[in-house]
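To convert, count from 1 in the sequence shown and add 42; that's our numbering. No residue lacks a Cβ here, since even glycine has one placed at the ideal position from N, Cα and C. Worksheet for the structure shown next.
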Amino acid sequence: MNMNRLFTCLCLSLLFNLAQAQLPIPEYQKGKAILSGTIANYHPNDNLIFKIGAPNIVMGTAETLYPTVESDGNFTINIPLYHHTQVRMMIGNADLVILLSPEKETNVAINLSNPPGKQFVFSGQYATINNEWCQPELITKIPPVYSDGDLLDSIVGISANEFKKRCINQYKRYVTHNNAQLQFSEDTRTLANLSCAFDCLENLQATHYCLQTAYQKKENITREQAFAAFLDVYLPDDFHNYLKDFPVNHPLALYCYNYRNVVMDLYDTHKDPLAYEKNLLKNAPLTKEEQTLIHQYETAFKAGISFQQESELMALSAKYFKENDLFRWESFSKAKERLSNIIQDSTSLIVDYIRAIYMRSSFYNLQPLTPRQELMASEITNPIFLGIIQDMNRQMQPRQKTITKKFTICEAPQVPEKELLTALIAHHKGKVQFIDFWATWCGGCRQIIKEYEPLKKEIGEDKVAFIYLTGPSSIKKTWDILIQDIAGEHYWLNKEQWGYLWNHFQMTGLPMYLIIDKKGNIAKQFTHVTAKELKELLELEVNR
Numbered sequence: 043m044n045m046n047r048l049f050t051c052l053c054l055s056l057l058f059n060l061a062q063a064q065l066p067i068p069e070y071q072k073g074k075a076i077l078s079g080t081i082a083n084y085h086p087n088d089n090l091i092f093k094i095g096a097p098n099i100v101m102g103t104a105e106t107l108y109p110t111v112e113s114d115g116n117f118t119i120n121i122p123l124y125h126h127t128q129v130r131m132m133i134g135n136a137d138l139v140i141l142l143s144p145e146k147e148t149n150v151a152i153n154l155s156n157p158p159g160k161q162f163v164f165s166g167q168y169a170t171i172n173n174e175w176c177q178p179e180l181i182t183k184i185p186p187v188y189s190d191g192d193l194l195d196s197i198v199g200i201s202a203n204e205f206k207k208r209c210i211n212q213y214k215r216y217v218t219h220n221n222a223q224l225q226f227s228e229d230t231r232t233l234a235n236l237s238c239a240f241d242c243l244e245n246l247q248a249t250h251y252c253l254q255t256a257y258q259k260k261e262n263i264t265r266e267q268a269f270a271a272f273l274d275v276y277l278p279d280d281f282h283n284y285l286k287d288f289p290v291n292h293p294l295a296l297y298c299y300n301y302r303n304v305v306m307d308l309y310d311t312h313k314d315p316l317a318y319e320k321n322l323l324k325n326a327p328l329t330k331e332e333q334t335l336i337h338q339y340e341t342a343f344k345a346g347i348s349f350q351q352e353s354e355l356m357a358l359s360a361k362y363f364k365e366n367d368l369f370r371w372e373s374f375s376k377a378k379e380r381l382s383n384i385i386q387d388s389t390s391l392i393v394d395y396i397r398a399i400y401m402r403s404s405f406y407n408l409q410p411l412t413p414r415q416e417l418m419a420s421e422i423t424n425p426i427f428l429g430i431i432q433d434m435n436r437q438m439q440p441r442q443k444t445i446t447k448k449f450t451i452c453e454a455p456q457v458p459e460k461e462l463l464t465a466l467i468a469h470h471k472g473k474v475q476f477i478d479f480w481a482t483w484c485g486g487c488r489q490i491i492k493e494y495e496p497l498k499k500e501i502g503e504d505k506v507a508f509i510y511l512t513g514p515s516s517i518k519k520t521w522d523i524l525i526q527d528i529a530g531e532h533y534w535l536n537k538e539q540w541g542y543l544w545n546h547f548q549m550t551g552l553p554m555y556l557i558i559d560k561k562g563n564i565a566k567q568f569t570h571v572t573a574k575e576l577k578e579l580l581e582l583e584v585n586r
């Protein structure tokens, strides 16, 4: 049986499952799902990590929520959703997804000391699916290849088509396995197979990066050297034709937490990693200094050398918003056309998703849709995407906001760049300080700020000073809005100040953090720790 025929059989199997299933096609329904439960053997002093990821499919992100657990182990949390969908729950070492419904309650009894398959017992809405999802006999996920060292070793030197074949064969095996698990409902098996399909698509879209990372690992070279080595390596023109055989337009697809994996990039087989810089050189009214900066970056990239002025380069994106907007419009328009040609349907779910993703840049920067975005949004037919976009766009309209956090905008000390950090630290000498280097465009920065926020009350802002530094790559209007929800002191540094600190600490990305002891010395520099670990580090310095 050839690959296309086998794929057809798999898709027919999924459709057959749909015909037998009870799940309706998901619809837009903004509301709050209720998740309640009890944690067995719960002890408040254990500092159990417990958080919920509530997804926004348009943004491709999940809002992190922290359930409040009572001393007896009981908890109830309202989870904002736009439609019936899976949410992610992480508790202790367990990491799973749960299907929830707006305005409905799901209850779970948790006992982490039980073996897999018996740690969670659900009742209420979608109890059957959620209970079956936790069983070890069901395969619900395919891990990313690029983060698995052994898998990377196994793909060194193979072609893109061979990598694709391996990914697809793995997916087919998992679907065959799941379809044989007749002890589970059709609904559960259908969603498990869809979840595996979308994880497989993440790996397929990352083909170039996976092969590049495998080469980097084998040759023991830097990331920059690997990028340079693969600069002229492209995927075959028809590489992404596999899409027409995947369930990307399945009626139940949006139930899945990981549907966002369906579009991780724009399906360009000849992607140019320097395309944005070339666009600026061609269309933006750059200064001579900025032109030189871009040419220096291109030279460094092609040579596989780390570029020390990356923070200045990122600032150009904020400065030349108009040119950036046009570049994104052209990129997404081409992606929409590519996918429409592969799928042979310009109104399909995945093409609508490409259109929806185009809205992210405005929403991420807390701005209403641009005229170009409104034009593309008018082409969307999926009611869930439309509902979310309309709701978020209303929220972005100018309005009076109630300030709930104590934040302070501070002027950077007027000292030479090399003395800046010392001057900043001197403001709170004798007190422990937490310094956060972040940017408005950095999703990880913003997410971790939310995760660390409760520590300010737990430890006390009278004991630790929380200081936030950003530079000109952040969008000023966005920064002005975001900091209203971040208690602490905020500094907007100029190009020279930010550039000096970037190079001084040899930063290659954001976020980056410093803990300053009471004597004004750097006690620790790091890029990420959990909220629990940060609390321990800060308390250690407070108690010295």
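- With a cutoff of 8 Å on beta-carbon distance, I392 and V305 are scored as near each other.
- Here the C-alpha atom of E365 lies approximately 11 Å from the C-alpha atom of L328.
- DSSP places G551 outside both helix and strand once states are collapsed to three, so it counts as coil.
- Every unbroken stretch of the alpha helix (DSSP H) spanning 4 or more residues and falling wholly within the region 477-546 is given here in chain order: 485-494, 497-501, 518-524 and 537-546.
- With a beta-carbon spacing of about 7 Å, M438 and F405 fall inside the 8 Å limit used to define contacts.
- Excluding sequence positions up to five before and after A454, its CB lies within less than 8 Å of the CB of L462, L466, Y533, W534, L535, N536 and Q539, all in the same chain and listed in chain order.
- I564 is bridged by DSSP to I558.
- In the DSSP assignment, D229 falls within the unbroken alpha helix (DSSP H) covering E228 to Q247.
- The bridge partners DSSP lists for A104 are P97.
- In the DSSP assignment, H85 falls outside any beta strand (DSSP E), carrying neither H nor E.
- Between N220 and A234, the beta carbon gap of about 5 Å places them in contact (Cβ cut-off 8 Å).
- For S388, no beta strand (DSSP E) encloses it, and the DSSP letter there is neither H nor E.
- D195 is bridged by DSSP to nothing; it lacks a bridge partner.
- Judged by DSSP in its simplified three-state form, T464 adopts helix.
- DSSP, reduced to helix, strand and coil, places C252 within a helical segment of the structure shown.
- Annotated as distal: L243 and T127, with beta-carbon spacing of 8 Å or more.
- Following the DSSP letters along the chain, one finds P413 inside the alpha helix (DSSP H) bounded by residues P413 to A419.
- Around the beta-carbon of P68, 16 or more other beta-carbon atoms lie within 10 Å, marking it buried.
- DSSP places G166 in the uninterrupted beta strand (DSSP E) bounded by F162 to G166.
- Between V139 and V129, the C-beta gap is smaller than 8 Å, which places the two residues in contact.
- In the DSSP assignment, H337 falls within the alpha helix (DSSP H) that extends over K330 to A345.
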